[in-house]
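Visitor: Can you keep this structure in mind? I'll have questions shortly.
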Amino acid sequence: MTTKADTAFCLNGLTALVTGGASGIGEATCRELARGGATVWVADINFPAAEALAAEIVAAGGSAKPVAMDVTNPASIDTAVAQVGTLDVLVNNAGIGHVGSIATTEAEDFDRLMNVNVRSVYLVTRAFLPQLLASARKGSIVNIASVAGLVGIRQRFAYCTTKGAIVAMTRQLAVDYAKQLRVNAICPGTVQTPFVEGYLEKYHKHEKEKIREELNARQPIGRLGQPEEIASMVRYLASPEAAFITGSLLNIDGGWTAA
-14 MTTKADTAFC LNGLTALVTG GASGIGEATC RELARGGATV WVADINFPAA
36 EALAAEIVAA GGSAKPVAMD VTNPASIDTA VAQVGTLDVL VNNAGIGHVG
86 SIATTEAEDF DRLMNVNVRS VYLVTRAFLP QLLASARKGS IVNIASVAGL
136 VGIRQRFAYC TTKGAIVAMT RQLAVDYAKQ LRVNAICPGT VQTPFVEGYL
186 EKYHKHEKEK IREELNARQP IGRLGQPEEI ASMVRYLASP EAAFITGSLL
236 NIDGGWTAA
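Last residue of the sequence shown: 244 in my numbering, with the numbers rising by one and none dropped.
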């Protein structure tokens, strides 16, 4: 006998692509979507890492393929589009961070963040839009935004700006394609990823544990999020159970934006 629990959030027959898929939230998302039954394209500029992850997923009984993609390069994206073919779920996850106020953020830093965090979402979404609109199961886009797009965070001028843009893009696309495509965004708080470890190494090398404690305390729940917790929400949003959800922002932030 098959129960509802056995089939919940089933992605069988769907093809998904995750940008920045070889590490952090992207890696956890690739694993979770494959666990749900989807065929997953691990898209990353680090192709060897994408290959390694895809091989791990296949060895565990899932379906995954690596694809090289520089999300800032239209030619690279077009090559990936031709390789992938059909697509039902697009997860725009690739992104970078920056620390600084408007006074200390140089123009080249601002432009770099806009290019990687915002323009890339435009380029990738536009390139894959025909495939998503052709999906027999109604295509779904999940953008990985941030609480930084919802509230002001000290010393995160450029990062807050870019994530605010992703929030606006999500809502606008959901309105334009309401009957053809579902578009949602997840807004995580601070999540334990190589992204965070890189930040600690670069800016707080001699006080990592002190800053780590401050990051934990910033979220009322008292800890950092885990990549798998974000990935579970991506799977839900991609599933039939989320068919009535579009244009939504889902906060996974340990209570940060509620406090």
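Ideal Cβ positions, reconstructed from N, Cα and C, are used throughout, including at glycine.
Would you report the Cα separation of D163 and K195, rounded to the nearest angstrom?
Guide: Within the sequence shown, residue 163 is the residue found at index 178, counting from 1. Within the sequence shown, residue 195 is the residue found at index 210, counting from 1. Residue 163 is actually Ala in this sequence, not Asp. Answer to the nearest angstrom: the Cα atoms are 46 angstroms apart.
Visitor: Who does N169 pair with in a DSSP beta bridge?
Guide: For the purposes of this step, residue 169 is identified with residue 184 of the sequence shown, where counting begins at 1. Its beta-bridge partners are V127.
Visitor: Based on the DSSP secondary-structure assignment, which residues constitute the bridge partners of T0?
Guide: Translated into the one-based positions of the sequence shown, residue 0 becomes position 15. Bridge partners of T0: T24.
Visitor: Give me the residue from E93, D238, G210 and D63 with the minimum Cα distance to A13.
Guide: Looking up residue 13 in the sequence shown gives position 28. Checked all of E93, D238, G210 and D63; the closest Cα to A13 is G210.
Visitor: Please report the straight-line C-alpha distance between T89 and V101, rounded to a whole angstrom.
Guide: Here residue 89 refers to the residue found at position 104 of the sequence shown. Here residue 101 refers to the residue found at position 116 of the sequence shown. Answer to the nearest angstrom: the Cα atoms are 19 angstroms apart.
Visitor: Can you check whether the CB of T4 is closer than 9 angstroms to the CB of V270?
Guide: Examination of residue 270 is not possible in this model, given that the chain is present from -14 through 244 alone.
Visitor: In whole angstroms, what is the alpha-carbon distance linking T155 and G232?
Guide: Taking the sequence shown and counting its residues from 1, the one referred to as residue 155 is at position 170. Taking the sequence shown and counting its residues from 1, the one referred to as residue 232 is at position 247. Computed Cα separation, rounded: 6 angstroms.
Visitor: Among P59, T64 and T71, which has the Cα closest to the Cα of R104?
Guide: If you number the sequence shown from 1, residue 104 lands on position 119. When each option's Cα is compared against that of R104, the closest is P59.
Visitor: Output yes or no for whether 9 angstroms exceeds the beta carbon distance between L38 and G22.
Guide: On the sequence shown, position 53 is the one that residue 38 refers to. On the sequence shown, position 37 is the one that residue 22 refers to. The answer is no: Cβ separation not under 9 angstroms.
Visitor: Of all the options A1, F229 and E213, which has the alpha carbon lying nearest to the alpha carbon of S8?
Guide: Residue 8 sits at position 23 when you count from the first residue of the sequence shown. For the residues A1, F229 and E213, the minimum Cα distance to S8 belongs to E213.
Visitor: Which same chain residues, not among the five before or five after P225, have their C-beta less than 7 angstroms away from its C-beta?
Guide: Within the sequence shown, numbered from 1, the residue matching residue 225 stands at position 240. Correct list: empty, nothing qualifies.
Visitor: Please report the residue range of the beta strand (DSSP E) in which P51 lies.
Guide: By 1-based counting over the sequence shown, the position of residue 51 is 66. S48 to A53 is the span of the beta strand (DSSP E), which, as asked, contains P51.
Visitor: On the three-state DSSP scale, how would you describe I276?
Guide: The structure shown does not extend to residue 276, since the chain is modelled only from -14 to 244, so the question has no answer here.
Visitor: Just the Cα atoms here: how many angstroms apart are A153 and P173?
Guide: Locating residue 153 in the sequence shown gives position 168, counting from the first residue. Locating residue 173 in the sequence shown gives position 188, counting from the first residue. In a straight line, the C-alpha of A153 is about 16 angstroms away from that of P173.
Visitor: Nearest-angstrom Cα distance between L235 and I171?
Guide: Within the sequence shown, the letter at position 250 stands for residue 235. Within the sequence shown, the letter at position 186 stands for residue 171. Spanning the two alpha carbons is a distance of roughly 5 angstroms.
Visitor: Less than 7 angstroms between C-beta atoms, sequence neighbours within five positions excluded: which residues of the same chain meet that for H189?
Guide: Within the sequence shown, numbered from 1, the residue matching residue 189 stands at position 204. Hits under 7 angstroms: I196.
Visitor: Can you tell me which residues form a DSSP beta bridge with D29?
Guide: Residue mapping note: residue 29 aligns to position 44 of the sequence shown, counting from 1. Answer is A53.
Visitor: Kindly indicate the opening and closing residues of the alpha helix (DSSP H) around I62.
Guide: Taking the sequence shown and counting its residues from 1, the one referred to as residue 62 is at position 77. Residues P59 to V69.
Visitor: Count the other CB atoms within 10 Å of the CB of T(-8); is the residue buried (16 or more) or exposed (fewer)?
Guide: For this step, residue -8 is matched to residue 7 along the sequence shown. With fewer than 16 other Cβ atoms within 10 Å, it is exposed.
Visitor: Quick check on L234: does DSSP put it in helix, strand or coil?
Guide: For this step, residue 234 is matched to residue 249 along the sequence shown. Correct three-state label for L234: strand.
Visitor: If you reduce the DSSP assignment to three classes, tell me which class L75 lands in.
Guide: In the sequence shown, counting from the first residue as 1, residue 75 sits at position 90. Reduced to three states, the DSSP call for L75 is strand.
Visitor: In whole angstroms, what is the alpha-carbon distance linking A35 and A67?
Guide: Indexing the sequence shown from 1 puts residue 35 at position 50. Indexing the sequence shown from 1 puts residue 67 at position 82. Taking the straight line from one Cα to the other gives about 18 angstroms.
Visitor: DSSP state of T136, grouped into three classes?
Guide: Position 151 of the sequence shown, counted from the first residue, corresponds to residue 136. Sequence check: residue 136 is Val here, not Thr. The answer is coil: DSSP assigns V136 none of H, G, I, E or B.
Visitor: Which residue from G80, G46 and A228 puts its Cα closest to that of T147?
Guide: Within the sequence shown, residue 147 is the residue found at index 162, counting from 1. Minimum Cα distance to T147 is reached at G80.
Visitor: Quick check on F229: buried or exposed, where buried means 16 or more other Cβ atoms within 10 Å of its Cβ?
Guide: Taking the first residue of the sequence shown as position 1, residue 229 is located at position 244. F229 is exposed by the Cβ-count criterion.
Visitor: In the DSSP assignment, what residue or residues form a beta bridge with G5?
Guide: In the sequence shown, counting from the first residue as 1, residue 5 sits at position 20. According to DSSP, G5 bridges with nothing at all.
Visitor: Under three-state DSSP, which class holds G210?
Guide: For the purposes of this step, residue 210 is taken as residue 225 along the sequence shown, with counting starting at 1. In this structure, G210 counts as strand in the three-state DSSP scheme.
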